[in-house]
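Sequential numbering of the sequence shown, starting at 20, is according to the working numbering.
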Amino acid sequence: MAMLLWMLLATAGETAEGLATRLGQAYRAGGDSQVDFTQVYTDQIRHKTRSEHGSVWLKADGRLRWRYAGDEPKLFVYDGKHAYFSEPDSGQVTIFEDFARSPLFTALQILWGGGDLQQNFALAFAAPQDQCPAASPGQQTLCLRPKQSLAALDHACLLIDSRPLQVRAARLIDPMGNITDYRLANLQTHRHLDDAQFVFHVDKGVSVLRAPQEPAGGH
């Protein structure tokens, strides 16, 4: 009870923007990091779900390596300029040029509180109509709505642990109402990750697709 009261007092009067600022500061202070994830996609029209899991390695400068494990391994690498999505079972690689300008980059950064959340999103503490995950004692939930329209995102939710301050779960809801839930675990910070992990080479014989370039936001 004493700990719960302390947490309530510590966050009393804090705005959603203030929480987002502290979350961004914690992310930057963590340096290079690694986290495991579970991803569940729910198709509301077909009433089907798909579950995947893996690990993400994050460089402090925004580069990332996202590896899906399991029966259909996949790899997503952002080298600071372009991003590459490799699907070995399909024998193809999709290249996203100037990835930092894409809506997908903006959406990905939500998952760990990176990027400038206040610049890209209208922030509020979650309300029941936002369909956000329920918070337990010691957690808070932010609702993020894009200031400029994103084709694949209506709004997002961040379930945030107070101590230590970190994203525990995220929910992305698209304009059709489909939901992608992420659960994050085993966060390790200050990892000093090797730059070689964030370089991708396209193998010979692989089919190469180029994702259409889209503006980061629209109206």
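We treat Cβ as the ideally placed atom computed from N, Cα and C, and that holds for glycine.
For clarity, every value in this text was computed on a predicted model and none was experimentally measured.
{"Query": "Helix, strand or coil at F56 according to DSSP, with G and I counted as helix", "Result": "strand"}
{"Query": "Beta-carbon contacts of A35 that lie in its chain and below 7 Å, excluding the five residues immediately before and after", "Result": "L142, A143, F144 and L161"}
{"Query": "Length-filtered (4 minimum) alpha helix (DSSP H) runs lying within the segment 91-172", "Result": "122-129 and 136-139"}
{"Query": "Pairwise C-alpha distance: N139 and R120", "Result": "12 Å"}
{"Query": "Per-residue DSSP class, three states only, for Q185", "Result": "strand"}
{"Query": "Burial state of H174, where buried means 16 or more other Cβ atoms lie within 10 Å", "Result": "buried"}
{"Query": "Nearest neighbour of Q158, chosen from Q148, R164 and I179 [CA to CA]", "Result": "I179"}
{"Query": "Three-way DSSP call (helix, strand, coil) for D200 in this model", "Result": "strand"}
{"Query": "Span of the alpha helix (DSSP H) around G49", "Result": "Premise fails: G49 is in no alpha helix (DSSP H) and is neither H nor E."}
{"Query": "Test item: CB-CB of A39 and L136 under 8 Å", "Result": "yes"}
{"Query": "Beta-carbon gap between I114 and L177 smaller than 8 Å", "Result": "no"}
{"Query": "6 Å Cβ shell around R202 - same chain, five flanking residues per side excluded", "Result": "T57 and A188"}
{"Query": "Under 8 Å between C-beta atoms of G73 and Y60", "Result": "no"}
{"Query": "Cβ contact (3+ pairs, closer than 8 Å) linking the segment 65-84 and the segment 222-230", "Result": "no"}
{"Query": "Inter-residue Cα distance where the pair is F104 and P156", "Result": "38 Å"}
{"Query": "Simplified DSSP assignment, three categories, for W25", "Result": "Note that W25 scores 33 on pLDDT, short of 50, meaning its location in the model is unreliable and no value can be drawn from it."}
{"Query": "Outcome for G37 when other beta-carbon atoms lying within 10 angstroms are tallied against a minimum of 16", "Result": "exposed"}
{"Query": "G99 versus L127: straight-line alpha-carbon distance, rounded", "Result": "14 Å"}
{"Query": "Inter-residue CB distance, W76 and L212 (contact presumed, cutoff 8 Å)", "Result": "6 Å"}
{"Query": "Sheet register partners of V227 (DSSP bridge)", "Result": "V112"}
{"Query": "Residues near G50 in its chain [Cβ-Cβ closer than 8 Å; skip 5 each side]", "Result": "A79, T208, H209, R210 and H211"}
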